[in-house]
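Under this note's numbering, think of the first position of the sequence shown as 443, with each following residue one higher.
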Amino acid sequence: MAAPEAVSFPVFGDLHLGYDSEAWENAAGALRDAISLGPDFLLYTGDLINLSPEHWGLFRRLQTINPGLSLRASRGNADAAAGDDKVWLREIGHPLRSVLDVGHVRVLVLGGVSDDHELPLGPGAGEWLRANAAARPDAVVVVLSHAPLKNTTFWSCDNAESGCLASQLDPTNPPYHLYLLQSAEIAEALAESPNVALFVSGHVHNDHRLRCDHGYGPSCVRDGVVHMVTANLGGWRDTGVDRQEYRWFDITQTAIRARVRDFVGAVWIDELEETYPLRPR
Numbered sequence: 443m444a445a446p447e448a449v450s451f452p453v454f455g456d457l458h459l460g461y462d463s464e465a466w467e468n469a470a471g472a473l474r475d476a477i478s479l480g481p482d483f484l485l486y487t488g489d490l491i492n493l494s495p496e497h498w499g500l501f502r503r504l505q506t507i508n509p510g511l512s513l514r515a516s517r518g519n520a521d522a523a524a525g526d527d528k529v530w531l532r533e534i535g536h537p538l539r540s541v542l543d544v545g546h547v548r549v550l551v552l553g554g555v556s557d558d559h560e561l562p563l564g565p566g567a568g569e570w571l572r573a574n575a576a577a578r579p580d581a582v583v584v585v586l587s588h589a590p591l592k593n594t595t596f597w598s599c600d601n602a603e604s605g606c607l608a609s610q611l612d613p614t615n616p617p618y619h620l621y622l623l624q625s626a627e628i629a630e631a632l633a634e635s636p637n638v639a640l641f642v643s644g645h646v647h648n649d650h651r652l653r654c655d656h657g658y659g660p661s662c663v664r665d666g667v668v669h670m671v672t673a674n675l676g677g678w679r680d681t682g683v684d685r686q687e688y689r690w691f692d693i694t695q696t697a698i699r700a701r702v703r704d705f706v707g708a709v710w711i712d713e714l715e716e717t718y719p720l721r722p723r
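Following this line, the structure appears as structure tokens:
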């Protein structure tokens, strides 16, 4: 159940619909479970589909489960490989940068990355964030991004010279960074926007329990903003981590409650629940 006077919503990590039948089953199972809890809206961190334009039909099919709740999604690199900005607008129903207001919560979709591994947001992302946060000073602002900011959460580090991501890849395939190219610009905008409370992302396919070799885990607080990365719905394939989970948030005027939901067992993972007071605004 939601906290009193809370705005509540799930955040689904990388779906990769079209990868295999399990990707569809995980996405549909997670959505059905979340809807049963009575959310106010739905958020997706991106990589909705798996690289091919033919996979958009799977996301359209997924939304037939949705009873009409508003949704926002951040375009991932796998989505960008399957179509340009016009395709995104047609398939998702909102532009790359988008605003959603529900009660005392304002969601800012920061933009979509391209299909390369530099993870750029395009020009003006920081100013757009500042302006749209400032436009509702009374709101608790949630920023949705495909990828995390540098040096905040799991694998958001410079990992080419370490055992982090490098340890998971063929030595002949140098690892690339998994954080936003404009991390410094966005971090500055967050610090200067006192009503921004939460920055939520995906992309790294992390588990909700692990820390990388640099010590970054699934969450942290930077300049008063809670950063949380959301695991992909199918766990880490071929690594022995096989968990089907998504994040859930209850946001009041004073605090953020973050939980992790096992949608196969339809149970909360109680030991992963976290509560953060909002910074003064």
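Every residue, glycine too, gets a C-beta built ideally from N, C-alpha and C.
Quiz item: Based on Cα-Cα distance, which residue from Arg532, Asn468, Glu447 and Glu464 lies nearest to Phe454?
Solution: Mapped onto the sequence shown, residue 454 falls at position 12. Among Arg532, Asn468, Glu447 and Glu464, the Cα nearest to that of Phe454 belongs to Asn468.
Practice problem: Grab me the residues of Ala631's own chain with a C-beta within less than 7 angstroms of its C-beta, minus the 5 sequence neighbours each way, in chain order. | Solution: Walking along the sequence shown from the start, residue 631 turns up at place 189. Around Ala631: Gly568, Leu571 and Arg572.
Practice problem: Quick one: using the 10 Å Cβ neighbour count with 16 as the cut-off for buried, is Glu715 buried or exposed? | Solution: Reading the sequence shown from its first residue, position 273 is the one you call residue 715. Counting Cβ neighbours within 10 Å, Glu715 comes out exposed, since fewer than 16 surround it.
Practice problem: Measure the alpha-carbon distance for Asn519 versus Arg532 and round it to whole angstroms. | Solution: To locate residue 519, count along the sequence shown from 1; it is residue 77. To locate residue 532, count along the sequence shown from 1; it is residue 90. Answer to the nearest angstrom: the Cα atoms are 17 angstroms apart.
Quiz item: Looking only at DSSP bridge pairs, what is Ile693 linked to?
Solution: Taking the sequence shown and counting its residues from 1, one reaches residue 693 at position 251. Secondary-structure assignment with DSSP links Ile693 through a beta bridge to Val449 and Ile698.
Quiz prompt | CA nearest to the CA of Gly510, picked from Val584, Gly659, Asp482 and Arg699 | solution = As a working note, residue 510 is residue 68 in the sequence shown. Residue Asp482 is the option with its Cα nearest to Gly510.
Quiz item: Ser497 by DSSP, collapsed to three states: which one?
Solution: By 1-based counting over the sequence shown, the position of residue 497 is 55. The amino acid at residue 497 is misidentified as Ser; the sequence shows His. Helix.
Quiz item: Buried or exposed: Ile507, going by 16 or more other Cβ atoms within 10 Å of its Cβ?
Solution: Within the sequence shown, residue 507 is the residue found at index 65, counting from 1. Flag for Ile507 reads exposed.
Quiz item: Where does the unbroken alpha helix (DSSP H) through Glu467 begin, and where does it stop?
Solution: Here residue 467 refers to the residue found at position 25 of the sequence shown. It spans Ser463 to Ser478 - the alpha helix (DSSP H) in which Glu467 sits, taken as one unbroken run.
Quiz item: When burial is assigned at 16 or more other CB atoms within 10 Å of the CB, is Lys592 buried or exposed?
Solution: In the sequence shown, counting from the first residue as 1, residue 592 sits at position 150. The residue in question, Lys592, is buried, as its Cβ has 16 or more Cβ neighbours within 10 Å.
Practice problem: Assign Tyr658 to one of two classes, buried (16 or more other C-beta atoms within 10 Å of its C-beta) or exposed (fewer than that). | Solution: Position 216 of the sequence shown holds residue 658. Here Tyr658 is buried: its Cβ has 16 or more other Cβ atoms, across all protein chains shown, within 10 Å.
Practice problem: Assign Leu720 to one of three DSSP states: helix, strand, or coil. | Solution: Working through the sequence shown from its first residue, we reach residue 720 at position 278. In the three-state DSSP reduction, Leu720 falls in the coil class, being neither helix nor strand.
Quiz item: Given that a residue counts as buried once 16 or more other Cβ atoms are within 10 Å of its Cβ, and exposed if not, what is Asp521?
Solution: Along the sequence shown, read from residue 1 onward, the residue named residue 521 stands at position 79. Label assigned to Asp521: buried.
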